[in-house]
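Using the working numbering, read the sequence shown as starting at 15 and increasing by one per residue. Positions of the beta carbon are idealized from the N, C-alpha and C atoms, including for glycine.
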Amino acid sequence: MGSIVNNGAAKRPELIAHGMPEALKLNHNSMKRCFGKLVEKGNRSLKLKQLMEEMEHVEGVLGHIFASTQEAIVTPPYVAFAVRPEPGRWEFVRVSAVDLSVKSLTSTEFLKLKEIIYDKEWANDEHALEVDFGAIEFTTPHLTIPSSIGEASKLQTTLILADIFLSTLPPDTPYENFHLRLKEWGFEKGWGDCAGRVKETMRCLSDILQAYDPTQMAKFFSWLPTIFNIVILSPHGYFGQADVLGLPDTGGQVVYILDQVKAMEEELLLRIKQQGLNFKPQIIIITRLIPDAKGTKCNQEIEPVLGTNYSKIVRVPFRTEKGVLRRWVSRFDIYPFLERFAQDATAKILDLMGAKPDLIIGNYTDGNLVASLMASKLGITQATIAHALEKTKYEDSDLKWKELDSNITFHIAGSKEKPGQYESHEAFTLPGLCTDRVSGINVFDPSSTLQHQGRINRKIENDEHIGYLADKKKPIVFYDGTVRCREEHHGLVEWFGKNEKAEKFGESCCGHIRWIAAQTDRRRNGELYRCIADTKGAFVQPALYEAFGLTVIEAMNSGLPTFATNQGGPAEIIVDGISGFHIDPNNGAESSKKIANFFENCKNDHAYWTKISNGGLKRIDECYTWKIYANKVLNMGSTYTFWNQLNNHQKQAKQRYIQMFYNLLYKNLVKTVPVAVDDTA
Numbered sequence: 015m016g017s018i019v020n021n022g023a024a025k026r027p028e029l030i031a032h033g034m035p036e037a038l039k040l041n042h043n044s045m046k047r048c049f050g051k052l053v054e055k056g057n058r059s060l061k062l063k064q065l066m067e068e069m070e071h072v073e074g075v076l077g078h079i080f081a082s083t084q085e086a087i088v089t090p091p092y093v094a095f096a097v098r099p100e101p102g103r104w105e106f107v108r109v110s111a112v113d114l115s116v117k118s119l120t121s122t123e124f125l126k127l128k129e130i131i132y133d134k135e136w137a138n139d140e141h142a143l144e145v146d147f148g149a150i151e152f153t154t155p156h157l158t159i160p161s162s163i164g165e166a167s168k169l170q171t172t173l174i175l176a177d178i179f180l181s182t183l184p185p186d187t188p189y190e191n192f193h194l195r196l197k198e199w200g201f202e203k204g205w206g207d208c209a210g211r212v213k214e215t216m217r218c219l220s221d222i223l224q225a226y227d228p229t230q231m232a233k234f235f236s237w238l239p240t241i242f243n244i245v246i247l248s249p250h251g252y253f254g255q256a257d258v259l260g261l262p263d264t265g266g267q268v269v270y271i272l273d274q275v276k277a278m279e280e281e282l283l284l285r286i287k288q289q290g291l292n293f294k295p296q297i298i299i300i301t302r303l304i305p306d307a308k309g310t311k312c313n314q315e316i317e318p319v320l321g322t323n324y325s326k327i328v329r330v331p332f333r334t335e336k337g338v339l340r341r342w343v344s345r346f347d348i349y350p351f352l353e354r355f356a357q358d359a360t361a362k363i364l365d366l367m368g369a370k371p372d373l374i375i376g377n378y379t380d381g382n383l384v385a386s387l388m389a390s391k392l393g394i395t396q397a398t399i400a401h402a403l404e405k406t407k408y409e410d411s412d413l414k415w416k417e418l419d420s421n422i423t424f425h426i427a428g429s430k431e432k433p434g435q436y437e438s439h440e441a442f443t444l445p446g447l448c449t450d451r452v453s454g455i456n457v458f459d460p461s462s463t464l465q466h467q468g469r470i471n472r473k474i475e476n477d478e479h480i481g482y483l484a485d486k487k488k489p490i491v492f493y494d495g496t497v498r499c500r501e502e503h504h505g506l507v508e509w510f511g512k513n514e515k516a517e518k519f520g521e522s523c524c525g526h527i528r529w530i531a532a533q534t535d536r537r538r539n540g541e542l543y544r545c546i547a548d549t550k551g552a553f554v555q556p557a558l559y560e561a562f563g564l565t566v567i568e569a570m571n572s573g574l575p576t577f578a579t580n581q582g583g584p585a586e587i588i589v590d591g592i593s594g595f596h597i598d599p600n601n602g603a604e605s606s607k608k609i610a611n612f613f614e615n616c617k618n619d620h621a622y623w624t625k626i627s628n629g630g631l632k633r634i635d636e637c638y639t640w641k642i643y644a645n646k647v648l649n650m651g652s653t654y655t656f657w658n659q660l661n662n663h664q665k666q667a668k669q670r671y672i673q674m675f676y677n678l679l680y681k682n683l684v685k686t687v688p689v690a691v692d693d694t695a
């Protein structure tokens with residue numbers, strides 16, 4: 015195996031294609047040999063890990079280029095590289111194995127090389143459907159109402175008059191005591207609940223009118239009374255507050271959404287009070303009503319969210335020509351029902367709220383599709399929570415979509431080294447369907463069957479069922495997950511089995527594994543984390559890919575030192591070596607060594623475990639509390655609601671473009687999904 019060294023001291027050329035020829039010339043013999051080996055095996059695509067295994071030791075400029083490579087395409091005698099020197103910036107180059115000549119490529123040319131490998135005939139079709147959102151990307155809103163021209167100075171003068179008046183009042187003077195005076199100047203309710211708050215809000219707007227400042231702008235939008243009613247979409251699975259965790263397609267997203275709703279209601283109530291209003295917010299979670307509910311409340315149309323006053327779960331059934339579908343349907347097979355579901359859910363929301371919602375939040379692919387249809391119809395702001403997009407979740411799922419689509423029933427975080435799940439959709443291709451060679455997701459756009467371990471199936475419990483820890487003095491290494499290859503629990507066991515040093519410090523391998531039945535009581539989960547912490551143990555999340563990392567946050571928030579995959583959300587949540595540790599799920603030897611070194615450090619320094627534990631607690635408190643989350647989501651909702659009002663006509667062009675793909679491509683693909691029906695007795 016070769017190695018690639020990204021030497022920080024090496025000067026990176028402004029353009030890869032300019033600096034690469036000279037660097038190749040300096041390493042001519044070794045690079046000639048290396049590229050010769052790369053093209054020997056014919057057409058193929060290589061990820062960075064595969065590329066590193068086949069490359070010789072490289073440093074300097076070449077080391078930087080190869081270390082920044084996300085993918086290489088081999089089409090003899092050429093090797094093309096997709097290089098990501100920094101987040102959001104991509105360069106594409108092609109190197110000849112014959113003479114090491116270098117040519118700069120466009121993203122279109124690079125993707126065409128990929129397409130040739132998988133569908134040559136389609137790749138050479140000059141009239142293949144091509145996606146280009148960049149062609150209709152607008153970023154600068156303009157005033158469209160003629161009467162608004164020149165009115166800024168008039169508003170500025172009125173704000174000054176109001177400021178002088180408010181300065182004569184004690185800051186805590188209730189709004190009701192002076193609202194008539196403000197109304198004479200044209201100011202309605204919503205500026206604040208007291209003289210001090212109203213004055214601060216007006217000064218903020220006045221400052222913006224005089225000189226644009228991003229901080230002041232963000233503050234002003236966060237104070238605007240624009241969001242009162244919120245709809246959250248999560249159609250698939252059994253969505254409920256009890257007895258649902260562990261049922262098919264039902265897991266962390268239920269916990270996530272319920273916690274999200276409680277935090278958002280609390281934040282909305284605080285904001286409405288501070289704005290001087292007495293409006294009551296409404297939050298509705300829209301999910302599917304399942305008549306055959308398996309003993310849960312999923313057949314109950316409306317269910318109040320516990321711990322809230324103005325939030326509820328509203329369930330809407332899937333319908334066919336024969337009526338309401340009674341049975342559960344896998345999240346991979348629900349797409350034929352979603353368009354009708356969106357229509358029925360929209361009607362139900364308008365009926366219950368008595369008005370259009372101000373913000374719609376979609377979850378997962380199905381929830382976001384419904385949210386998009388709903389937001390487009392009602393003309394309101396949509397927020398997207400992807401959780402996991404298939405292109406990052408399943409490797410090469412764009413290139414191999416035909417193969418996967420026929421046999422699979424079906425990254426949040428980007429880093430300096432690896433693109434996140436949104437950035438990876440900037441340029442991609444679906445050979446035989448369409449290609450996004452030019453401009454897809456713009457990351458700089460201001461708006462961007464479960465099997466349970468340890469379940470006891472027999473009525474009689476004995477020592478074998480209950481189990482015990484052979485050495486209670488050893489710290490416990492805890493993993494929480496399902497038996498799926500993507501979760502990689504089997505890899506964790508293998509790591510420890512091959513690492514004597516790791517086995518010495520952790521109660522976790524051969525002869526020491528203990529299964530715990532899947533936990534559906536959230537309070538017990540927290541207690542479990544703390545019990546592990548009492549042994550001075552650690553939590554390990556070694557998934558091949560983890561979109562967010564809710565269990566990682568839960569473990570850290572319980573004070574449990576955490577090791578988590580560097581693929582996805584945990585890479586952003588954890589600051590390596592300070593609030594936890596990153597591990598590479600593709601490198602078991604290195605990961606198990608890192609875990610073993612942690613326990614060895616704890617043995618040599620009794621304060622080390624506490625240091626990492628406190629680091630995790632501090633990180634969560636600073637960045638990942640629900641209060642912070644709710645505040646940011648509502649701020650963004652307010653900002654983009656205003657932005658959409660200014661930019662509405664320009665956004666319509668992109669919406670029509672998306673609708674074309676929805677009607678011409680998506681709906682035809684949905685027709686290939688078998689429509690679920692109820693079992694006949």
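**OP:** Take T395 and list the residues in its own chain whose beta-carbon comes closer than 8 Å to its own, dropping the five residues that flank it on each side.
**Re:** If we look at T395 and ignore the five residues flanking it on each side, its Cβ neighbours are D372, L373, I374, A389, G651, Y654, T655, N658.
**OP:** For W205, name the three-state secondary structure that DSSP assigns.
**Re:** Coil at W205, not helix or strand.
**OP:** Quick one: residues in its chain with C-beta nearer than 8 Å to the C-beta of V384, no 5 flanking neighbours on either side, listed in chain order?
**Re:** Excluding residues up to 5 positions away in sequence, L247, P249, I300, L352, F355, A356, A359, G376 lie with their Cβ nearer than 8 Å to the Cβ of V384 in the same chain.
Original post:
How would you label K213, buried or exposed, when you count the other beta carbons within 10 angstroms and need 16 or more for buried?
Top reply: The residue is buried, with at least 16 neighbouring Cβ atoms inside 10 Å.
**OP:** Might you give, ordered along the chain, the residues of its own chain that have their beta carbon closer than 6 Å to the beta carbon of L173, omitting 5 neighbours on each side?
**Re:** Here the set comprises M216, S220.
**OP:** Name the one or two DSSP bridge partners that K603 has.
**Re:** Contrary to the premise, residue 603 reads as Ala rather than Lys in this sequence. None; A603 has no bridge partner.
**OP:** Kindly indicate which three-state DSSP category S59 falls into: helix, strand or coil?
**Re:** Collapsing the DSSP output to three states places S59 in a strand.
Subject >> Residues of its chain near L366, where Cβ-Cβ distance is below 7 Å and the 5 sequence neighbours each way are ignored >> reply: In its chain, beyond the 5 residues on either side, I298, V328 have a beta carbon closer than 7 Å to the beta carbon of L366.
Subject >> Own chain partners of F234 with C-beta closer than 8 Å, once the 5 adjacent residues on each side are dropped >> reply: Taken in chain order, the residues that qualify are T215, C218, L219, I222.
Subject >> Helix, strand or coil at S167 [DSSP, three-state] >> reply: Residue state for S167 is assigned as helix, using DSSP reduced to three classes.
Original post:
What three-state label does DSSP hand E105 in the structure shown?
Top reply: Secondary structure at E105: strand, using DSSP grouped into helix, strand and coil.
**OP:** Grab me the residues of L320's own chain with a C-beta within less than 8 Å of its C-beta, minus the 5 sequence neighbours each way, in chain order.
**Re:** These residues qualify, in order along the chain: Q255.
**OP:** Could you tell me which of W509, G540, T565 sits nearest to I609, measuring between CA atoms?
**Re:** Comparing alpha-carbon positions, the option among W509, G540, T565 lying closest to I609 turns out to be W509.
Original post:
Which residues mark the beginning and the end of the beta strand (DSSP E) in which A100 is found?
Top reply: According to the sequence displayed, residue 100 carries Glu and not Ala. That run of the beta strand (DSSP E) goes 92–100.
Original post:
Is P35 helix, strand or coil by DSSP?
Top reply: It is helical.
**OP:** Work out the CA separation of N243 and Y252 for me, nearest whole Å.
**Re:** Whole-angstrom Cα-Cα distance: 24 Å.
**OP:** Tell me, please, whether the segment 226–233 touches the segment 278–297 by the rule of three or more beta-carbon pairs shorter than 8 Å.
**Re:** Fewer than three Cβ pairs drawn from the segment 226–233 and the segment 278–297 lie within less than 8 Å of each other, which leaves the two stretches out of contact.
**OP:** Count the other C-beta atoms from every protein chain shown that fall within 10 angstroms of the C-beta of S593, then say buried if there are 16 or more, exposed otherwise.
**Re:** With 16 or more other Cβ atoms within 10 Å, it is buried.
Subject >> Residues near C499 by beta carbon distance below 6 Å, same chain, minus five either side >> reply: Here C499 scores only 46 on pLDDT, less than 50, and its place in the model should not be relied on; the value that follows carries that caveat. Correct list: empty, nothing qualifies.
Original post:
Which residue's Cα is closest to the Cα of V700: R103, P101, V97?
Top reply: Outside the shown range of the chain, which is 15 to 695, sits residue 700, and nothing can be said about it.
Original post:
Does the Cβ-Cβ distance between D548 and T579 come in under 9 Å?
Top reply: No.
Original post:
Cβ of E279 within 9 Å of Cβ of P305?
Top reply: In this structure, P305 does not lie closer than 9 Å to E279 by Cβ.
Subject >> Distance between H596 and V497 (C-alpha atoms, nearest Å) >> reply: With a pLDDT of only 49 at V497, under 50, the local geometry of the prediction cannot be trusted, and no value is derived from it.
**OP:** With a 10 Å radius around its C-beta and 16 neighbouring C-beta atoms as the bar for buried, classify T544 as buried or exposed.
**Re:** The sequence shown places Arg at residue 544, not Thr. Exposed, because fewer than 16 other Cβ atoms sit within 10 Å of the Cβ of R544.
Subject >> Exposure label - S167; buried when at least 16 CB within 10 Å >> reply: S167 is exposed by the Cβ-count criterion.
Subject >> T463 (DSSP reduced to helix, strand or coil) >> reply: With a pLDDT of 32 at T463, under the threshold of 50, the modelled position of this residue cannot be trusted; read the value that follows with caution. In this structure, T463 counts as coil in the three-state DSSP scheme.
Original post:
Sorted by chain position, which residues of the same chain lie with C-beta nearer than 7 Å to K51's C-beta, five sequence neighbours on each side aside?
Top reply: If we look at K51 and ignore the five residues flanking it on each side, its Cβ neighbours are E68.
**OP:** Reducing DSSP to helix, strand and coil, say where K550 ends up.
**Re:** K550: coil per DSSP, three-state reduction.
**OP:** Can you grab the Cα-Cα spacing for the pair P188 / W199, in whole Å?
**Re:** For P188 and W199, the distance between alpha carbons rounds to 18 Å.
**OP:** Classify G74 as helix, strand or coil using the three-state DSSP reduction.
**Re:** Per DSSP, reduced to three states, the secondary structure at G74 is helical.
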